[in-house]
Structures are given as structure tokens and as C-alpha cells.
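Only one structure is covered here, and it is reproduced in the block below.
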Amino acid sequence: MHSLPGPHDITRHTLPNGITVLARENPNSPAVVVDASIHAGSIYEGRSHAGLANFTAAMLMRGTRDASFDQVHERIESVGASLGSSCGVHTGGFGGKALAEDLDMLLATAADIVRNPTFPADHIERLRGETLTGLAMRAHNTRAMAALTFYEALFGGDHPYGYSNDGYPDTVAAITRTELKQYQRKHYGPAEMIVVIVGSVSTQAAVKLVEKHFGDWSNARQPARAPAPTGRALNGSENRRVQIPGKTQTDIVLGFFGPRRSDPDFQAVRVANSILGVFGMYGRLGQSVRKKHGLAYYSFSRVDGSFGPGTWRVIAGVNPEKVNTAITTMLAEIDRLASRLVTPTELADSKSFIL
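First residue of the sequence shown: 900, per this note's numbering; consecutive thereafter.
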């Protein structure tokens, strides 16, 4: 049995320009996995520019100063490697996988896409079309719209957790090439960047390769990391219903603020959530709402801890005629978890499941 990763076998090294490298050697795998985060997420864009950070990240692989879209992808795919860029609320970044012998090439390509993207006009319009199509599909997806409405209601529409980082039709339609270039030039830089490398490469070699391709990177315009956003005071419960014509299923999200990822009780909440709606066939919710009462096609719970306030949600897809009964049953299970001790078996099973 191989030991789990931990401080004893993870090398941590910070470059002079602020990049932290976390490396762990795994000689049992011929491949190497890379994951990097940069403080360039949607928290820096604001509601009026929703989708800009995500659009910027999606454009990074579309061509650079030294390589076209086709050349970037040919370089990666010709050796069976993978590389992609992404964006969340707090960070953007890249992730990839390659054989150990191709790690140098993978990091060189990754450095090129985050440092030297050119944002070709034809690819901007192609991506805009794809994004707008996705947003139109989202508007007819009951589960997606329930989640979006929940976050808007809980945090408020202008809160960085309250609006969609995919954007909205009007904000995505308004994004310009100049805005994309400005966002990348301002927010992509080495300050507090983290690069994680795990696989068949020595930790010393991994650090040297990151230093080779990113060590001379600087960006004087890069702002300080955005502080963790706060929640807001809630006065009682709120019920929002979104009508989507022609649908035979209604999706429900019940929820409230949860712990931050760094809160000391986060792990205890994870265990409680597993009992409520994860373990086995979706925990107590699956047994009660779906199996016993037959009210839902699915029902589960989810806790998400973040840098700022987290969320704790109960989710279900039901027949529109059973919405109120399903909500009553879901609330009863929430109340039971809050008011009575869980059984020793439930506690042990959920701990084992998480571990």
C-alpha cells in the first residue's frame, strides 16, 4: 500500500516572483499531472461584466504570439497529452497531463497560453456563439435554473457568488476583444500563483521546470488578491419560483449559508451532509423523499465550502404536482438531522465513505 500524500513527501518551493510550486514524486505512474491556479477569477469582473473572466480563460487555448490554435493543439495531442484552461469565482488557471518525458513541453505550452494569448477575432466570435448557445440551453434547463436562482436569492445578484460566472446573454454579447486583452494583461500574473505537479518526475526537476518557464514572469499591474466576500443578513425565508414552459419536471433547491472551507466545523458538516443526502442511495433524503414516499426522481444534499461563505443545499427533481409535498418532506428530514442525534452506524458509515 502506498502512503497518502502529505507534508512528509510534498516539496513546497516559492519562486522569487511569487509562484509557489507543490511537487510530489510518484514513480509508480509514467505520467505527470499539472494543475495551476492564478488569481484571475470572476470575483474581479463585477456583475455588469459577468462572463468576462470565464471568456478570457476559454480563449487562452485559441492561439498565442508564437502558435496558432491548430499548432497549440497539435503540439499537445501529438504526444497524447492534454491541456486546458478554466476559471472559477476566485481563480483561473490551467491543468494538464503528459508522460514524464513530455512535461517540459507541457509546461512550455502552458506558459505560452497564459502569458502570450492573442485572442484571435474569429475565435472570439466562435466562442461567443458557443457560449450564447449554452446560455440559451441553460434557460430551458430546470436544474440549472434552480441552482442559478438559489445563488441569486441567497447572496444577492451583485455578490460574486450570486451571479453566474458563465455570464448572461446581454453581458456575453457585449464582451469585446479589447476587454479580453485588458483582463488577461491585468489579472494574469505570478503573484500568489500555485503550480501543483504530481507524477513520475523528481520534485527538484519539477521545480526547475516551473522556474524555467515561469520564473521570469512578472506583472506590475496585477492587483492584490481580492478579500473573501461576506454573506448578508437574511430576514426569514424566501421562496422564488421560475416558470419554464413545456417542462414535465420541477427542480427544487432548498438551502442556506454553510461554513467556509477553512472553518473548524467544516469536516463535521461534511459528515452530517453525507448522512442527510449522500451516502449510499443519497442518504436519508434518498430513502425518504425518493424511495419511501416516491416524490422525487432524485433527491440529495450538497455542502460547498469556499474562501467566502459556503452553502448547504438540498436538491430534488419532482413531478410538478408533488412540489409542495416534496418540500414538506425535505424540510422534515432537515429538521430531523438538526434536532436528533444520528445513529452510530450512520456516523461510522459516513466517516468511512468520506475517508
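Beta carbons are placed, not taken as given, at the ideal position from N, Cα and C, and that holds for glycine.
Around the Cβ of residue i, are there at least 16 other Cβ atoms within 10 angstroms (buried) or fewer (exposed)?
{"i": "Y1196", "result": "exposed"}
{"i": "A935", "result": "buried"}
{"i": "I1253", "result": "exposed"}
{"i": "Q1166", "result": "exposed"}
{"i": "P1158", "result": "buried"}
{"i": "S1249", "result": "buried"}
{"i": "T1077", "result": "exposed"}
{"i": "T1210", "result": "buried"}
{"i": "G1135", "result": "exposed"}
{"i": "E1245", "result": "buried"}
{"i": "A1247", "result": "exposed"}
{"i": "S1117", "result": "exposed"}
{"i": "P904", "result": "exposed"}
{"i": "V1141", "result": "exposed"}
{"i": "D880", "result": "Only positions 900 to 1254 of the chain appear in this structure, which leaves residue 880 out of reach."}
So if DSSP puts residue i in a beta bridge, which residue, or which two residues, is it bridged to?
{"i": "Y1062", "result": "None; Y1062 has no bridge partner."}
{"i": "E924", "result": "G1098"}
{"i": "S1200", "result": "V1213"}
{"i": "F1155", "result": "W1211"}
{"i": "H912", "result": "V920"}
{"i": "P1016", "result": "T963"}
{"i": "L982", "result": "G995"}
{"i": "T1149", "result": "V1217"}
{"i": "I1093", "result": "T919, S936"}
{"i": "A1195", "result": "V1217"}
Apart from the five residues just before and just after residue i, which ones in its own chain have a Cβ nearer than 6 Å to its Cβ?
{"i": "K1085", "result": "R1120"}
{"i": "D1001", "result": "V978, A980"}
{"i": "G1207", "result": "A1127, P1128"}
{"i": "M900", "result": "Only weak support exists for where M900 lies, its pLDDT of 43 falling under 50; the coordinates are left without a value."}
{"i": "A939", "result": "G991, H1086, Y1087"}
{"i": "R1201", "result": "R1212"}
Tell me which same chain residues have a C-beta within less than 8 Å of the C-beta of residue i, skipping the five on either side of it?
{"i": "R1131", "result": "F1054, G1055, H1058"}
{"i": "Q1148", "result": "T1041, Y1196, G1216, V1217, N1218, P1219"}
{"i": "V1109", "result": "L914, I918, V920, L1006, V1094, I1096"}
{"i": "A1009", "result": "V933, A935, L982, F993, G995, H1112"}
{"i": "A1043", "result": "R1037"}
{"i": "P968", "result": "For clarity, residue 968 is Phe in the given sequence; the question names Pro instead. Taken in chain order, the residues that qualify are M960, R961, G962, P1019, H1022."}
In the DSSP assignment, find the beta strand (DSSP E) that holds residue i and state where it starts and stops.
{"i": "K1221", "result": "Unbroken run through K1221: none, as it is neither H nor E."}
{"i": "D1248", "result": "Where D1248 is concerned, there is no enclosing beta strand (DSSP E), although the alpha helix (DSSP H) it sits in stretches over 1243-1253."}
{"i": "K996", "result": "991-998"}
{"i": "V933", "result": "930-937"}
Give a yes or no on whether the minimum CB-CB distance between residue i and chain C is below 7 Å.
{"i": "A1237", "result": "Within the model displayed, chain C is absent; a lone protein chain is all it includes."}
Assuming residue i is part of the alpha helix (DSSP H), what are its boundary residues?
{"i": "F1178", "result": "1178-1184"}
{"i": "I975", "result": "968-976"}
{"i": "A949", "result": "Careful: A949 lies outside any alpha helix (DSSP H) and carries neither H nor E."}
{"i": "D1069", "result": "1068-1073"}
{"i": "T1077", "result": "1076-1086"}
{"i": "E1257", "result": "For the chain, the structure presents residues 900 to 1254; residue 1257 sits outside this window and is missing."}
{"i": "F1206", "result": "First-last for F1206: undefined, no H or E at that position."}
{"i": "L903", "result": "Neither: L903 is in no alpha helix (DSSP H) and is coded neither H nor E."}
{"i": "R1042", "result": "1041-1054"}
Excluding the 5 residues flanking residue i on each side, which residues of the same chain have their C-beta closer than 7 Å to its C-beta?
{"i": "Y943", "result": "A952, H1086, A1125"}
{"i": "Y1050", "result": "Y1060, G1061"}
{"i": "R1139", "result": "T1048, A1052"}
{"i": "H1039", "result": "I1143"}
{"i": "I975", "result": "S981, L982, T1008"}
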